[in-house]
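Before any comments, here is the structure.
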Amino acid sequence: MPFVHVYYPEYQLNDKELKKVSNYIHQSLIAQFHIPEDDYFQLFLPYPSQHFFYDSQYLLENGEKRTDNMIYISITCGQGRTVEQKKKLYQSIAEGLHIDLAISTNNIFITLNETPVENWSFGQGIAQMVNQKEEQQK
499 MPFVHVYYPE
509 YQLNDKELKK
519 VSNYIHQSLI
529 AQFHIPEDDY
539 FQLFLPYPSQ
549 HFFYDSQYLL
559 ENGEKRTDNM
569 IYISITCGQG
579 RTVEQKKKLY
589 QSIAEGLHID
599 LAISTNNIFI
609 TLNETPVENW
619 SFGQGIAQMV
629 NQKEEQQK
């Protein structure tokens with residue numbers, strides 16, 4: 499049930515590249531978090547580079563630096579993944595984007611926001627995940 503927001507510098511990625519970014523994120527979620535293939539919700543939001551303020555070196559190793567081509571990926575998902583799964587997810591996304599789109603891994607910033615199932619409605623004013631859980635308990 500992940501919902502993904504991807505913020506990227508306007509004019510950095512064309513439509514074909516955005517689709518590749520989307521696919522890498524989704525395939526990584528399938529592989530590492532074992533989500534269903536049709537659990538696919540992503541929103542891409544371009545930003546003017548002068549509107550993103552950041553430290554170019556914060557927590558990067560070996561004196562590496564970020565540039566104005568930073569991509570910020572925010573993933574809201576259900577609870578229950580291990581630290582190892584999360585680390586593998588970050589690595590999978592960063593490596594895929596670096597290899598296929600030449601995006602520096604220094605410029606890929608990812609956060610996870612875990613929320614309980616009762617905090618989700620996939621439409622129709624229904625808490626689908628809660629209803630599924632209740633059905634499974636019967």
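With this note's numbering as the guide, the letters of the sequence shown map in order to residues 499 to 636. For each residue, glycine too, the CB sits at the ideal point set by N, CA and C. Small disclaimer: the values here were computed from a predicted structure and weren't measured.
- What's the call for residue 619, buried or exposed, on a 16-neighbour Cβ count within 10 Å? Exposed is the call here.
- Item | Close beta carbons around residue 583, own chain, < 7 Å, minus the five adjacent residues each side | By the criterion of a C-beta distance shorter than 7 Å, residue 583 is surrounded in its chain by 530, 531, once the five residues flanking it on both sides are discounted.
- Message: Rounded to the nearest angstrom, what separates residue 552 and residue 546 at their Cα positions?
- Response: Whole-angstrom Cα-Cα distance: 14 Å.
- Of all the options 613, 585, 617, 590, which has the alpha carbon lying nearest to the alpha carbon of residue 521? Closest by alpha carbon: 590.
- Item | DSSP three-state assignment for residue 561, whether helix, strand or coil | Looking at residue 561 - three-state DSSP - the assignment turns out to be coil, as it is neither helix nor strand.
- Message: Going by DSSP in three states, residue 520 sits in which element: helix, strand or coil?
- Response: The answer is helix: DSSP assigns residue 520 an H, G or I state.
- Message: Classify residue 561: buried if its beta carbon has 16 or more other beta carbons within 10 angstroms, exposed otherwise.
- Response: It is exposed - the Cβ of residue 561 has fewer than 16 other Cβ atoms within 10 Å.
- Query: So, are the CB atoms of residue 625 and residue 616 less than 7 Å apart?
  - Reply: Yes.
- Message: Rounding to the nearest angstrom, what Cα-Cα distance links residue 592 and residue 507 in this structure?
- Response: So the two alpha carbons sit approximately 17 Å from each other.
- Query: Looking at C-beta atoms only, is the number of pairs between the stretch 532-541 and the stretch 605-612 that lie closer than 8 Å three or more?
  - Reply: No: fewer than three Cβ pairs fall under 8 Å.
- Message: In the DSSP assignment, the alpha helix (DSSP H) including residue 616 goes from what residue to what residue?
- Response: Unbroken run through residue 616: none, as it is neither H nor E.
- Message: How far does the alpha helix (DSSP H) with residue 572 in it extend, from its first residue to its last?
- Response: Looking at the DSSP string, residue 572 is not in any alpha helix (DSSP H); the run it does join, the beta strand (DSSP E), is 569-576.
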